[in-house]
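K.L.:
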Amino acid sequence: MKIIYHCYGGAHSSVTAAGIHLGLLPTHRLPTGDELMRLPYFDKTDGNDFGLIRMMGVDEYGNEVYVLGKKGMGERFSRTLEGMAKIIGAEQELRVVNTMACVNWIMMIGGYLSRRMGLLSIGRPLVIYGTRKAFFHLVKMVKDCQLKARDKHFHVSLPRNKKSTDVVILGTTTAHHSILAARMLLNGIRNSDLVVDTCWDAWLESDGSPVFVGTDKDGNRVYTIGVGREMETGARALACLVQMFESDCRPILITAVRIKNETWVRTAAALSRWPGGQWLNRVVSKRIVSPQLDTIREQVESIEKALHTAKAWDPKSEFVLFDEGT
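Below, the structure written as C-alpha cells:
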C-alpha cells in the first residue's frame, strides 16, 4: 500500500505525520526541535515543491509513505487523488490522509514566515513550537491510519489494456468548459448538433472526485476533474500519483483545458449552492465560456492529436501521457 500525508506546503504537518508513521519520531513524548529538523523535508521546501509526491520511507509492513504539498486545494483533493487511483484501478492500494485538521495558527504563521517570506530566524522557532503543540493530535491521526492500512494490507492486480487510454481533463471546475471539452472529444469536435446547454449545470460539479463522461469509439475513457485555481499543482500531483503505479496501469493522458476568466466560472459554480445561485451560475458561465468555444475546440484538437500519435510524453508540451517503456 502507498500512503500519502498531505498538507498545504508539504513541509510541516505532513512531514511530521510521516516521521511518526515511520518511527523517526518518538510517540511517548514531545520531539525536540532538533529531532523535527532532522526529518527529511521539514521546513525545507519551497514553491517549486507544490504538487510533488515525495517518498519518506517504507514502514514495518512494507507500506510506502509519501508527503505532498497541495497548496490551497483543500479537503476535496483527498477525493481527487482517491478518484484518480480508482481510474487506474489502484484504489485498494492507496490511502490519503489530510493532516490540515491538526494544523494550528502558530504553525500557519511560522510556516508563512519561514517558507514564504524566508524569515527563518522568526518563522522556524514558531513552526517548531506549533508543531510540538499539535504533535499528539498527529500521533492519534497516524495511529488511526496505521490501523486501517494494516487491515487493508494486500496487493491487487491492476487492469491493463494497452489498446486504449484514459483521458483526464482538468479544469477549474468539473463542469463548464471541462465537461464541454470532454463532450467535444467524445461527440466530434465539429459536430454542429453538439448540445452545450447542460454543461453549465452545477450538479455536474463534484466534491473533487473525477467525473466519468463517456467512452469514445476507440475505447478511450474520458473523465473531468475540477482542481480550482491550483491547476499546475493539481496536474503535477496527479502525474506523480500515476507514476507511482506506472508499471501496472494502462496509458493515461492528463491535460488541462484553460480559458480566460475561468476563476469567475468557479465562483459562479460556488454561488449555485445558494438560493437563486443556479440561475446566476448559468448566466455567468454562458457569458464567459460561450465566446471561447473556438479556444476550447483548439485545445480538444490537440488532445485528439495526442491520442492518435506516438504514446510518449514531451515534457515541454501540455500533455502528460504515461505508457510502458516511455
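Residue -10 is where the sequence shown starts when you use this note's numbering, and the numbers rise one by one after that. Idealized CB from N, CA, C, for every residue including glycine.
Below 9 Å between beta carbons: does that hold for Ala7 and Gly46?
P.N.:
Contact flag set, yes.
K.L.:
Can you list, in chain order, the residues of its chain whose CB lies under 6 Å from that of Leu109, leaving out five sequence neighbours each side?
P.N.:
Ser103
K.L.:
On the DSSP letters alone, give me the boundaries of the beta strand (DSSP E) that Cys(-4) sits inside.
P.N.:
DSSP places Cys(-4) inside the beta strand (DSSP E), whose first and last residues are Lys(-9) to Cys(-4).
K.L.:
Find out if the Cβ-Cβ distance for the pair Val289, Ser274 is shorter than 9 Å.
P.N.:
no
K.L.:
Taking buried to mean at least 16 other C-beta atoms within 10 Å of its own C-beta, is Pro304 buried or exposed?
P.N.:
Annotation note: pLDDT 38 at Pro304 (below 50); position unreliable, no value reported.
K.L.:
For the beta strand (DSSP E) containing Leu242, list its first residue and its last residue.
P.N.:
Ile241 to Ala245
K.L.:
Could you compute how far the alpha carbon of Ser2 sits from the alpha carbon of Gly58?
P.N.:
10 Å
K.L.:
Report the rounded CA-to-CA distance for Met26 versus Trp268, giving the unit in angstroms.
P.N.:
If you take the alpha carbons of Met26 and Trp268, they lie about 52 Å apart.
K.L.:
Rounded to a whole number of angstroms, what is the C-alpha to C-alpha distance between Pro99 and Val56?
P.N.:
One detail in the question is off: residue 99 reads as Gly in this sequence, not Pro. Gly99 and Val56: Cα-Cα distance of roughly 19 Å.
K.L.:
Going by the CB atoms, is the gap between Leu28 and Arg121 shorter than 9 Å?
P.N.:
no
K.L.:
What ranges does the alpha helix (DSSP H) occupy inside the stretch 11 to 36, keeping only unbroken runs of at least 4 residues that lie completely in it?
P.N.:
22 to 26
K.L.:
With distance defined between alpha-carbon atoms, name the residue in Cys229, Ala295 and Lys137 nearest to Tyr50.
P.N.:
Nearest Cα to Tyr50 within the set Cys229, Ala295 and Lys137: Lys137.
K.L.:
Please report how far the alpha carbon of Asn87 lies from the alpha carbon of Ser279, in whole angstroms.
P.N.:
37 Å
K.L.:
Determine, using beta carbons only, whether Leu282 and Asp207 come nearer to each other than 9 Å.
P.N.:
no
K.L.:
Once you ignore the five residues that flank Gly348 on each side, which residues in its own chain have a CB closer than 6 Å to its CB?
P.N.:
Because the chain here runs from -10 to 315, residue 348 falls outside it and cannot be looked at.
K.L.:
Near Lys249, which residues of its chain fall below 7 Å by C-beta distance, leaving aside the five closest residues on each side in sequence?
P.N.:
Gln281
K.L.:
Starting from the Cα of Ser75, find the closest Cα among Ala257, Thr244, Phe201 and Gly12 and give me that residue.
P.N.:
Correcting the residue type first, residue 75 is Lys in the shown sequence and not Ser. Nearest option by C-alpha distance: Phe201.
K.L.:
I need the boundaries of the alpha helix (DSSP H) containing Gly72, first residue and last residue.
P.N.:
Arg65 to Ile76
K.L.:
Take Asp205 as the anchor and find which of Ala259, Glu293, Asp48 and Asp23 has the nearest alpha-carbon.
P.N.:
Of the listed residues, the one whose Cα sits closest to Asp205 is Glu293.
K.L.:
Determine, for Ala74, whether the minimum Cβ-Cβ distance to residues of chain D falls below 9 Å.
P.N.:
Reference to chain D is not applicable here, since this structure consists of a single protein chain.
K.L.:
Would you tell me roughly how many angstroms separate the C-alpha atoms of Ala259 and Pro15, rounded to the nearest one?
P.N.:
Spanning the alpha carbons of Ala259 and Pro15 requires a straight line of approximately 43 Å.
K.L.:
Considering Cα atoms alone, identify which of Glu221, Tyr(-6) and Gln81 is closest to Lys132.
P.N.:
Tyr(-6)
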